[in-house]
Amino acid sequence: MAHLDYREKGGYSLLELQFYQADGSSRLALVYTGTEDNEEFVGEEPLAQIAKTIAESRGPSGPNIDYLMNLVIAMRDIAPDHPDEHLLALETQVRALQEAATPATAAAPVEVIEVEPTDTRTQ
Numbered sequence: 124m125a126h127l128d129y130r131e132k133g134g135y136s137l138l139e140l141q142f143y144q145a146d147g148s149s150r151l152a153l154v155y156t157g158t159e160d161n162e163e164f165v166g167e168e169p170l171a172q173i174a175k176t177i178a179e180s181r182g183p184s185g186p187n188i189d190y191l192m193n194l195v196i197a198m199r200d201i202a203p204d205h206p207d208e209h210l211l212a213l214e215t216q217v218r219a220l221q222e223a224a225t226p227a228t229a230a231a232p233v234e235v236i237e238v239e240p241t242d243t244r245t246q
C-alpha cells in the first residue's frame, strides 16, 4: 500500500467501497479517487487533450504513458469481456502521439566509392 500511497499522493482520496462482481458476489475494494477539491483536478477534457497530457507528462513514479499502458494491460486481463471504450480510445491516441513524435528511421548515408571498371573477359 505504501507504494500506491506514494504514487497517488497528488491529491487523491483513498476510499473503501463495495465492489460488485459479474457473478453477483461483492467485496470491499480500496479506490483512489480525484475530487474537485483537489488542486490538480482538471475535470472533463476532450480526449485529445487528455492524451496529449499523458504523452507529455512524467511524475515521481515515472512517465504517465507507462501508467496508462499498464492500466490498459491490466483491464484487458481483468475484464476481457468488458472493454473500457474510453480507455482504449485514449490508448490509441497516445500511441499515435508517440509515433508522431518518433522520427522516422532514416537510412544511413551510403558512401559512394568510385572504382575503375574491370574487364572480366578472358584474354
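With the numbering used here as the guide, the letters of the sequence shown map in order to residues 124 to 246. From the three backbone atoms N, C-alpha and C, an ideal C-beta is built for every residue, glycine too.
{"Check": "Neighbourhood of M198 by C-beta, 7 Å cutoff - its chain only, sequence neighbours within 5 removed", "Outcome": "D207 and L210"}
{"Check": "Three-state class that DSSP yields for S136 in the structure shown", "Outcome": "strand"}
{"Check": "Chain-order list of residues whose beta-carbon lies under 6 Å from that of Q246 (same chain, five-residue window excluded)", "Outcome": "Below a pLDDT of 50, predicted positions are generally treated as unreliable, and Q246, at 45, falls in that range; the measurement from the model is reported next regardless. Nothing meets the Cβ criterion."}
{"Check": "For V217, the three-state DSSP class (helix, strand or coil)", "Outcome": "helix"}
{"Check": "Reference A125, options I196, H205, S184 and I201, closest by Cα", "Outcome": "S184"}
{"Check": "A145 burial status per 10 Å Cβ neighbour count (16 or more: buried)", "Outcome": "exposed"}
{"Check": "Start-end ranges of the beta strand (DSSP E) lying completely within the region 135 to 181, minimum 3 residues", "Outcome": "136 to 143 and 149 to 156"}
{"Check": "Alpha-carbon spacing of L138 relative to V195, whole angstroms", "Outcome": "22 Å"}
{"Check": "Inter-residue spacing [alpha-carbon to alpha-carbon] between N93 and A178", "Outcome": "Missing from the structure shown is residue 93; the chain here goes from 124 to 246 and no further."}
{"Check": "Residues bridged to P186 [DSSP beta-bridge criterion]", "Outcome": "R181"}
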